[in-house]
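K.L.:
Going down the list, the sequences are from chains A and B.
Everything in the first sequence is counted per the numbering used here, starting at 1 for the first residue and increasing by one.
Everything in the second sequence is counted per the numbering used here, starting at 1001 for the first residue and increasing by one.
What follows is a single structure, and I will ask about it in a moment.
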Amino acid sequence: MIRRLVIILATLGLLAGAGTGFYFFSRERPPAVPQPGLEDADPEYRASVEQAQGAIRTAPKSADAWAKLGSVFRSGGYRQPAADCFAQAARLDSANPRWPYLQGEALIWVDRQAAIESLRQAVSRSARAHVDEPAPYLRLAGELLANGQLDDAEEQLQHIPDADSRRTVAHLLLGRVLFARNDLAGSREEWLLCLNSPFTQQQANNHLADLARRLGEVSASEKYQEQASRLPADVSWPDPWLQECLRERSGIAALFRRAEQQESQGHLADAVQVLQEILAREPNYKACVGLGKTLPKLGDLRGAEKMLRQALEIDPRGLQARYYLSRVLLAQAEQQRKSGADKEATRLLEESVEQAQQTIAQKPDYGLAYLSMGIALKQLHRDTEAAAALRKAIDIIPDLPDPYLHLAELLAAEGKTDEAHRLLEQAQPLTKPDDPRVKDALAKLGQHKS
Amino acid sequence: MRTAKFLIAASALVFAGLLSLPLVRLKLDGAHQLQPHDWFADITDEVGLHFIHDAGPTGDFFMPQAIGSGAAIFDADGDGRLVILLLQNGGPDGAKNQLYRQLPNGRFEDISAGSGLDFAGYNMGVAIGDINNDGRPDVLITQYTGVRLFINQGNGKFVDQTEASGLSNPAWGASAAFFDFDRDGWLDLVVVNYVDYDPTWKCNSSSGQREFCPPSTFPGRVTRLFHNLGPSAAGTVRFEDVTIPSGLHRLEGPGLGVLCADFNGDGWPDIFVANDGKPNRLWINQKNSTFKEEAVPRNVAFNGMAQAQAGMGVAFGDADGDGMFDLFVTHLTEETNTLWLQGPRGQFRDMTFRSGLSRANWRGTGFGTVMADFDNDGWNDIAVANGRVSRGPMANASLGPLWGHYAERNQLFANNGAGIFRDISNDNPAFCGTPNVARGLVVADIDGDGGLDLLVTTISGKARLFHNTVPARGHWLLIRAIDPALHRDAYGAEIQVYAQGRSWVRWVNPATSFLCSSDVRAHFGLGNVQQVDSIEVLWPNGERERFDGCATDQKLELRKGTGKRP
C-alpha cells in the first residue's frame, strides 16, 4: 500500500515537474527593450529615448512605460521598434484599444497583414469598451480595402458616425468599395459627398474624373480633372491617438516639422516663431534660410535680408541663402525705386546681380538664379546681359512662365515683336488660368504692333 | 499495480513528448529550408565580373549617391556576344566605369581601358541605340548635371561626341531612352530629369539623424526631348533640343523612370515618365512632333486609390495574355509596386491587388524591374531590385556602416497564368536572399540557352550576374528584328508569335527598368510549343509583315522586307 502510494506520489511529482518545465520552456519571455541605432541622432531625441527606456527598466510591467517608448520611437520614424513596444503595451494592458491601434498604424508601412491583425484587435477592444473614437475602424477599413477585402472594409466603415468630420473619408473609401464592385452609380454618390472636405477633395475629384470617363462623360471628366489639378493635396484626416503619440517628437527636427506644418497651413507668423525658437537654441543655417523665405511674405524684407546674411555667415557656400538674398535685394530695389530712391535701388540691384552670379558660379544649372539675375539686369538697363540671363533661365527651367514674360517684354521694347509674341505664346500654356500676365502682355504687344 | 504502470507510462510519454519538442522544432525549421529549385544562380565571380560600385565618400549624404547607377547589356559589334557596361557614381575623382566583353567560353573580359567609356563621374543612367544607323549601337550616359554621348567605333572603342552632337541637358539626368518619335528612321532621345538639387541643403530624419533629402525638398525638372537631325555633312550626328516645341516643357516633375511605347495604339510611340512622389506623366504623340499629356485620362498618373506614388523603375509586357502591354512601376517600401493592366486599348487600370502582387512576402523599395518570362512557361514573370532610400535597421553589415542600413532583399514573382502572380522570393535565395542596395536591373539571355538571365547593380556593392537555372524550362525563341535599310534593330517594333491557337507579343525596346538598357532581342517563352505557326512584325513605320513558322528553341533574325504582307 505504502509502496503504491510512493509510486503515485513520485509519478505526480514527475508530472508536476514536467508541467513546470514545460511552462518555463514554452512561456513567452518578456521582450528586450528595443535599441535601434541612434548614432548621430539629435541629442535631445536620444535623451528622450534613453529616458523612456529607463522607465521600462524601472517598471517593466508598465503598459504606459512601453507605450511611451513606442511613441518616442514612432515620432522618430522607428516604426518596427515602435510597433514592438506598442505590442508589449497591448499585452500588459489587455483592454485598451489604443496600443494595438498604434501598433497597427506603425506596422502599416512594414507588414500590412500584421497591421490588419493589430487593427482588428484595436477594433474589437474598442467595441468591448464602448470607445467612441472611430480612428481604428477608419484605418482598418483603409487597409482592408487596400488588401481587397471589400465586404470587411465596408462593414468597418459603418462605424464612422455621420456627425464626425471623418465621415467624408468613410464616403471616399466606401466609394472605392462600390467602384471595385462595379457599382458606378453608388460610388459616384459617395464621392460627390467628399468634394468639400480637405481630407478627400482632390482624391474625390480624381475618382470622379475617372468614373465620368468610364461613363463616356468627357466634359464632366475634364471638369473634375481640372478641379483636381487646382486643389492642394488632401491633408491627412485627424487622428487624435496618433497625434498624441507624435507629440513625443523632440529636438530640432521636430521644430522644423512644426514650422513646415504652420507654413503649409498659411500660419506664417507662427512658422516664423518656431524658426526663431530654433535660432534661439543654436545658429542654424536652415532656420535662417526659412526665415529669409518667409519674412518677405509678411512684408519684412529687411528682416529677411538680415537672416539670409546670417545664413551665409554660417555656411558661406549655402546656395539657397545666396539665391534668396538676390531675390530679397531685388524686391527691396523695387520698393526703393517706387519711393524714388533710385540710387539705393541701383545699389541693391547691383548686389542682387552679384549674389545671383555667385550662386550660378557654384551651381551652373540654377535656373531661378538666372531668372533673378535677368530681372535685376533688366532693371539696370543692361539689356543684352539681361536677355542672355533670361534665355539661359528658359533653357534650364522652361516650365516657368516668368523668364518668357520678362524676355518678351525686353524684346518688345527693342522692337523685336515677333520673337516676343512667340515667347508669350510659349508661356501661355504654362500660366495658371487665373494668371492674366501673359494675356495682358499679348494685348499690350498687339497695341504696340498696331 | 496496474494504475502505477499506467501512470509511469503516461509520465514517460509526457517526458518523451517534451524531449521531442525541440527536435520537432528543428525538424520544422529544416523543412522550411527545403526549397524548390532556385530560378537563378549567382555566377558573377565564375564569369569574371569584378565590378564594385563606387558611390563616393559617405558622410555628406549627397543625394545623387542614393540614386545609384545603371548598366547596359548589348551586342556592341554584332558578333552575337554581349558586352556589359557598368557605371560608377563616385564623382570625378572616383572609380571609372567598366566595360566587359563576353569571350567565346562565356567568361567576361575587362576591356574598359581605352574604350572611351572608362571615365569617372556622377554617372546615372544609360541608353543604347544606333543613332547614326551604321549598324553599331551607340551609348548615352546620363549624369548628375549632364549627359554624354559616345559613338561606337567598333572593336570596343567609343568616341565622345556630346558637344559635336549638340546635346545639352543642364539638369540631373536619370533614365533615358532612344526612340523614333517622328518615324523618320533616326533614333531620337528622351532624357528624364530628376530634381533641381541643392547639394548645400542638409536633410535630417525625424530623429535628427542626417539623411538623404527626399525629392519633395526640391522642385522637379522637365523631361527633355532631343530630335535626331541625322548626320551632318561631316558625318557627325546632330540633335536638336525640341523640349519646348514638343510641349514636354509644360510640366516638370521628379522623373526617374521612362518607357517609350505606343500607349494608345495609333502606331506612334508615346512617352511615359515615372515621377517620384508626384503624378506620373504620359505624353501622347500627336504625330506632328508635339505631345499631349494624358496620364490622368488614361489612369496611369495615380494608383487605384487616386494617390501619386514614388515612381522609380518601369517594366512593361503582356502580363495577362490579352495581346496588349501592361505597365508595372516600382515604388517605396510603404507603398505598393503598381501593375496597371491595359484594356480596352489605351486605357489602364490598377490591378495590383487582383494580380496578387500586393501579397508579397516582404516589402521593399523597388527600383529596377523587369517583366519577362523566366521559366518559359508562356507567361511573363516580374523581378524587382530593392534598396531603401532612407535609413532602416542594419541589414547587411558587409556594405559598411552607412549603406548596410539601406539594404533590402530583391523580389521575384511568378506569373501563374492570366496575370496572377505568386511571390517566389523565399524559394530564390540567390537572387532574393541577400539584402543589397539594388538599383539597376538588366535582363538578357547571356549565354544563348533560351533562359533569361539578370544583372543587378547595387550601391557600394558588387554588380551581380544571375544565370537562369529554372529546371525544365519551356520552349523559347529569341528574335532580333532588323530594318536593313536602317542597318539597325527596329526599335519600337511589335513582334507577335502564333502557335497552338494562341499568340505571344513582345516589343523591341531595351530601355525599361531603371537607369538601364537590356538586351534588345525579344525573348518569347513558349511553354510546350515546339513549332510556331507564324510570326508577325508590326514595324515602327506602321508596316506589317508575316514570317513563316519555325521550330522553337532557336535565335531568329527577322529582316524587314523579307516577310509577307498579311
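Ideal Cβ placement from N, Cα and C applies to all residues, glycine included.
I'd like to know whether the C-beta atoms of Phe1421(B) and Gly1356(B) end up nearer to each other than 9 Å.
P.N.:
Walking along the second sequence from the start, residue 1421(B) turns up at place 421. Walking along the second sequence from the start, residue 1356(B) turns up at place 356. Yes, the Cβ-Cβ distance between Phe1421(B) and Gly1356(B) is below 9 Å.
K.L.:
If I measure Cβ to Cβ from Ala83(A) and keep anything under 6 Å in the same chain, skipping five residues before and after, which residues do I get?
P.N.:
Working through the first sequence from its first residue, we reach residue 83(A) at position 83. For Ala83(A), the CB contacts under 6 Å within the same chain, skipping 5 residues up- and downstream, are Gln103, Ala106 and Leu107 in chain order.
K.L.:
Determine the contact status of Cys1260(B) and Ala1319(B), defining contact as a CB-CB distance below 9 Å.
P.N.:
Walking along the second sequence from the start, residue 1260(B) turns up at place 260. Walking along the second sequence from the start, residue 1319(B) turns up at place 319. Not closer than 9 Å, so no.
K.L.:
DSSP three-state label for Leu1256(B), please.
P.N.:
Residue 1256(B) sits at position 256 when you count from the first residue of the second sequence. It is a strand residue.
K.L.:
Please classify Arg1298(B): is it buried, with 16 or more other beta-carbons within 10 angstroms of its beta-carbon, or exposed?
P.N.:
The residue labelled residue 1298(B) in the question sits at position 298 within the second sequence. The residue is buried, with at least 16 neighbouring Cβ atoms inside 10 Å.
K.L.:
In this structure, how does DSSP classify Met1305(B) when only helix, strand and coil are distinguished?
P.N.:
In the second sequence, residue 1305(B) corresponds to position 305, counting from 1. Met1305(B) falls in the coil class under three-state DSSP.
K.L.:
Can you check the region 1361-1437 of chain B for any alpha helix (DSSP H) of at least 4 residues that lies completely inside it and give the ranges in chain order?
P.N.:
1400-1403 and 1429-1432
K.L.:
Take the Cβ of Ser1205(B) as the centre, count every other Cβ of all protein chains shown within 10 Å, and call the residue buried at 16 or more, exposed below.
P.N.:
Counting from 1 along the second sequence, the entry for residue 1205(B) is found at position 205. Counting Cβ neighbours within 10 Å, Ser1205(B) comes out buried, since at least 16 surround it.
K.L.:
Please tell me whether Gln1209(B) has its Cβ less than 9 Å away from any Cβ of chain A.
P.N.:
As a position in the second sequence, residue 1209(B) is number 209, starting the count at 1. So yes, Gln1209(B) belongs to the interface.
K.L.:
From which residue to which residue does the alpha helix (DSSP H) around Ser48(A) run?
P.N.:
Mapped onto the first sequence, residue 48(A) falls at position 48. Per DSSP, Ser48(A) belongs to the alpha helix (DSSP H) from Pro43 to Thr58.
K.L.:
Listing by chain order, which chain B residues have their CB less than 7 Å from the CB of Gly318(A)?
P.N.:
Within the first sequence, residue 318(A) is the residue found at index 318, counting from 1. Here the neighbours are Thr1200.
K.L.:
Strictly under 9 Å for the Cβ-Cβ distance: is Leu1251(B) near chain A by that measure?
P.N.:
For this step, residue 1251(B) is matched to residue 251 along the second sequence. With 9 Å as the cut-off, Leu1251(B) counts as an interface residue toward chain A.
K.L.:
Measure the alpha-carbon distance for Ala269(A) versus Glu260(A) and round it to whole angstroms.
P.N.:
Taking the first residue of the first sequence as 1, we reach residue 269(A) at position 269. Taking the first residue of the first sequence as 1, we reach residue 260(A) at position 260. Distance between the alpha carbons of Ala269(A) and Glu260(A) is about 12 Å.
K.L.:
If you reduce the DSSP assignment to three classes, tell me which class Asp93(A) lands in.
P.N.:
Counted from its first residue, the first sequence places residue 93(A) at position 93. Residue state, collapsed to three classes: coil.
K.L.:
Is Gly1419(B) close to chain A, meaning its C-beta is less than 9 Å from at least one C-beta of that chain?
P.N.:
Against the second sequence, residue 1419(B) aligns to sequence position 419. No, Gly1419(B) lies away from the interface with chain A (no Cβ there is under 9 Å from its Cβ).
K.L.:
Would you kindly report the start and end of the unbroken alpha helix (DSSP H) that includes Asn205(A)?
P.N.:
As a first step, residue 205(A) must be located in the first sequence, where it is residue number 205. Looking at the DSSP string, the run of the alpha helix (DSSP H) that includes Asn205(A) is Gln201 to Arg214.
K.L.:
Should Ala1372(B) go down as buried or exposed, given a rule of 16 or more other Cβ atoms within 10 Å for buried?
P.N.:
In the second sequence, the residue the question calls residue 1372(B) occupies position 372. Label assigned to Ala1372(B): buried.
K.L.:
Going straight from the alpha carbon of Arg437(A) to that of Asp300(A), what length do you get?
P.N.:
Numbered from its first residue, the first sequence carries residue 437(A) at position 437. Numbered from its first residue, the first sequence carries residue 300(A) at position 300. Taking the straight line from one Cα to the other gives about 26 Å.
K.L.:
When Cβ atoms are compared, which residues of the region 1326-1342 of chain B fall closer than 8 Å to chain A?
P.N.:
Thr1333, Glu1334 and Thr1336
K.L.:
If you reduce the DSSP assignment to three classes, tell me which class Cys85(A) lands in.
P.N.:
On the first sequence, position 85 is the one that residue 85(A) refers to. Note: Cys85(A) maps to helix in three-state DSSP.
K.L.:
Please report the straight-line C-alpha distance between Gln426(A) and Leu330(A), rounded to a whole angstrom.
P.N.:
As a working note, residue 426(A) is residue 426 in the first sequence. As a working note, residue 330(A) is residue 330 in the first sequence. Those two C-alpha atoms are separated by around 26 Å.
K.L.:
Given that Tyr45(A) touches chain B, what residues does it touch there, using C-beta distances under 7 Å?
P.N.:
Residue numbering aside, residue 45(A) sits at position 45 when the first sequence is read from its first letter. Here the neighbours are Ser1207 and Gly1208.
K.L.:
To the nearest angstrom, how far is it from the Cα of Val1024(B) to the Cα of Ala1499(B)?
P.N.:
The residue labelled residue 1024(B) in the question sits at position 24 within the second sequence. The residue labelled residue 1499(B) in the question sits at position 499 within the second sequence. With a pLDDT of 41 at Val1024(B), under the threshold of 50, the predicted position of this residue should be treated as unreliable, and no value is reported.
K.L.:
Going by DSSP, which residues form a beta bridge with Gly1146(B)?
P.N.:
Translated into positions along the second sequence, residue 1146(B) becomes position 146. In the DSSP output, where bridge partners are listed per residue, Gly1146(B) has Gln1143(B).
K.L.:
For the region 101-115 of chain A, which residues have a CB atom closer than 9 Å to at least one CB atom of chain B, in sequence order?
P.N.:
Within the region 101-115 of chain A, contact with chain B at the beta-carbon level (separation under 9 Å) is assigned to Ile108, Trp109, Val110, Asp111, Arg112 and Gln113.
K.L.:
For the region 1169-1185 of chain B, list every residue whose C-beta sits within 7 Å of some C-beta in chain A, in sequence order.
P.N.:
Pro1170 and Ala1171
K.L.:
List the DSSP bridge partners of Tyr1197(B).
P.N.:
If you number the second sequence from 1, residue 1197(B) lands on position 197. Tyr1197(B) is not bridged to any residue.
K.L.:
Should Ile1052(B) go down as buried or exposed, given a rule of 16 or more other Cβ atoms within 10 Å for buried?
P.N.:
As a first step, residue 1052(B) must be located in the second sequence, where it is residue number 52. Exposed.
K.L.:
For a contact defined as C-beta to C-beta under 7 Å, what are the partners of Ala1306(B) on chain A?
P.N.:
Counted from its first residue, the second sequence places residue 1306(B) at position 306. What Ala1306(B) touches in chain A: Gln203, Asn206 and His207.
K.L.:
Please list, in chain order, all residues of the same chain as Asp1093(B) whose beta carbon is under 7 Å from its beta carbon, the five residues on each side excluded.
P.N.:
Position 93 of the second sequence, counted from the start, is the residue given in the question as residue 1093(B). Closer than 7 Å at Cβ, skipping near neighbours: Ala1120.
K.L.:
Would you say Lys1027(B) reaches chain A, if we count a Cβ-Cβ gap shorter than 9 Å as a contact?
P.N.:
Mapped onto the second sequence, residue 1027(B) falls at position 27. With a pLDDT of only 38 at Lys1027(B), under 50, the local geometry of the prediction cannot be trusted, and the value read off the model is given with reservation. So, not an interface residue.
K.L.:
Does the distance from the C-beta atom of Ser1069(B) to that of Gly1440(B) stay below 9 Å?
P.N.:
On the second sequence, position 69 is the one that residue 1069(B) refers to. On the second sequence, position 440 is the one that residue 1440(B) refers to. Taking 9 Å as the Cβ cut-off, Ser1069(B) and Gly1440(B) qualify as a contacting pair.
K.L.:
Over what stretch of residues does the beta strand (DSSP E) that includes Cys1550(B) continue unbroken?
P.N.:
As a first step, residue 1550(B) is located in the second sequence; it is residue number 550 there, counting from the start. It spans Arg1544 to Ala1551 - the beta strand (DSSP E) in which Cys1550(B) sits, taken as one unbroken run.
K.L.:
May I have the straight-line CA-CA distance separating Gly1265(B) from Phe1325(B), to the nearest angstrom?
P.N.:
Within the second sequence, residue 1265(B) is the residue found at index 265, counting from 1. Within the second sequence, residue 1325(B) is the residue found at index 325, counting from 1. Cα-Cα distance, rounded: 10 Å.
K.L.:
So Ala1463(B) packs on Thr1457(B), CB below 8 Å; how close in whole Å?
P.N.:
The count along the second sequence starts at 1 and reaches residue 1463(B) at position 463. The count along the second sequence starts at 1 and reaches residue 1457(B) at position 457. Their Cβ separation, rounded to whole angstroms, is 5 Å, which keeps Ala1463(B) and Thr1457(B) in contact under 8 Å.
K.L.:
Can you find a CB in chain B that lies within less than 9 Å of the CB of Pro36(A)?
P.N.:
The sequence position of residue 36(A) within the first sequence is 36, counting from 1. By this cut-off, Pro36(A) is an interface position.
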